[in-house]
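In numbering that gives the first Met the number 0, the protein residues as written are 0 to 171.
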Amino acid sequence: MSVSLPQLLAARDDRAVQYRQWLATCPSVSLVVLSLVIPGAIKDKPNYRQLLQVGKQTCQLLFSQNLWSIRRQETFMSETGLYSLWLVAHPAAHIKAQTILAEQSHPLGRLWDIDVLDQSARPMSRQQLGYPQRRCFMCQHSAHECARSRRHSLEQIHRHIEELLDGWFTPH
Numbered sequence: 000m001s002v003s004l005p006q007l008l009a010a011r012d013d014r015a016v017q018y019r020q021w022l023a024t025c026p027s028v029s030l031v032v033l034s035l036v037i038p039g040a041i042k043d044k045p046n047y048r049q050l051l052q053v054g055k056q057t058c059q060l061l062f063s064q065n066l067w068s069i070r071r072q073e074t075f076m077s078e079t080g081l082y083s084l085w086l087v088a089h090p091a092a093h094i095k096a097q098t099i100l101a102e103q104s105h106p107l108g109r110l111w112d113i114d115v116l117d118q119s120a121r122p123m124s125r126q127q128l129g130y131p132q133r134r135c136f137m138c139q140h141s142a143h144e145c146a147r148s149r150r151h152s153l154e155q156i157h158r159h160i161e162e163l164l165d166g167w168f169t170p171h
C-alpha cells in the first residue's frame, strides 16, 4: 500500500507524542527507536518486516550483552512505517554510541535508523558523540546531501535495498 506525504507527516507527529508519553511513564530511562531507512511511499512489505525483525534481534542482543534493563518494549506495524520502541534504564549517550556501532557493523545496519532519546525526549545525534554524519549506502557521500540533492533515483535506491535484502534472506 502506498502512503501519501500528509500521512507520513501526520504519523511522524503522532510518533513524537507517543515517544513523550512513553518517556513520561518511567523515570531515568532512555527511549530507543528502531525504524527502517526505506525511502518512498511503500513502507510495509514482507521483507521489510524481516528486516525489522533482524534489527530487533540485534538491539535485544546489544541490550543483553551490556546488561541494560529493559522496562518496556513494543513493535508497531503500520502502513506509514514499521518500528520498535524500548525503554532502557541506561544513559542515552552510551546507548547511542553502541547503536551507532551496530548500525555500522551489521551487514543490514545501514537500513536501520536507531534513534536514542534522553528523558526529555531529545534525540542524541551522531555529531554530539563525535561521529561523522551517516553515509549514503549508494555512494558513501553524506546521506543528507544525497537525499537533499536527489543524487540517486528512487528506483536505484529500491533496487539496492532489494539486493541487500535478497542477499541476506535468500538461502545460498
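Note that beta-carbon positions come from the ideal geometry of N, C-alpha and C, so glycine has one too.
Own chain partners of residue i with C-beta closer than 6 Å, once the 5 adjacent residues on each side are dropped
i, result
"Ala10", "Thr79"
"Trp67", "Val87 and His89"
"Cys122", "Before going further, note that residue 122 is Pro rather than Cys in the sequence given. Here the set comprises Asp114 and Leu116."
Option nearest residue i by Cα separation, candidates the options
i, options, result
"Ser1", "Cys58, Thr98 and Asp43", "Asp43"
"Ser124", "Ala146, Ser148, Thr98 and Glu144", "Thr98"
"Leu116", "Leu163, Cys58, Gln103 and Ile94", "Ile94"
"Ser34", "Leu100, Gln52 and Ser27", "Gln52"
"Met76", "Gln49, Phe62, Gln64 and Thr57", "Gln49"
Terminal residues of the alpha helix (DSSP H) in which residue i lies
i, result
"Ile41", "That residue, Ile41, is in no alpha helix (DSSP H); it is neither H nor E in DSSP."
"Arg70", "Arg70 -> not in any alpha helix (DSSP H); beta strand (DSSP E) instead, spanning Ser68 to Ser77."
C-alpha distance - residue i paired with residue j, whole-angstrom precision
i, j, result
"Arg118", "Tyr18", "A quick correction: the sequence has Gln, not Arg, at residue 118. Computed Cα separation, rounded: 10 Å."
"Ala15", "Trp85", "14 Å"
"Phe136", "Arg109", "7 Å"
"Leu30", "Ala91", "8 Å"
"Glu73", "Lys55", "10 Å"
"Pro45", "Thr169", "13 Å"
Span of the beta strand (DSSP E) around residue i
i, result
"Tyr82", "Gly80 to Ala88"
"Trp173", "The structure shown does not extend to residue 173, since the chain is modelled only from 0 to 171, so the question has no answer here."
"Leu30", "Ser29 to Leu35"
Own chain partners of residue i with C-beta closer than 8 Å, once the 5 adjacent residues on each side are dropped
i, result
"Ile41", "Met0, Ser1 and Val2"
Cβ-based neighbour list, residue i, same chain, cut-off 7 Å, excluding 5 preceding and 5 following
i, result
"His157", "Gly39"
"Leu60", "none"
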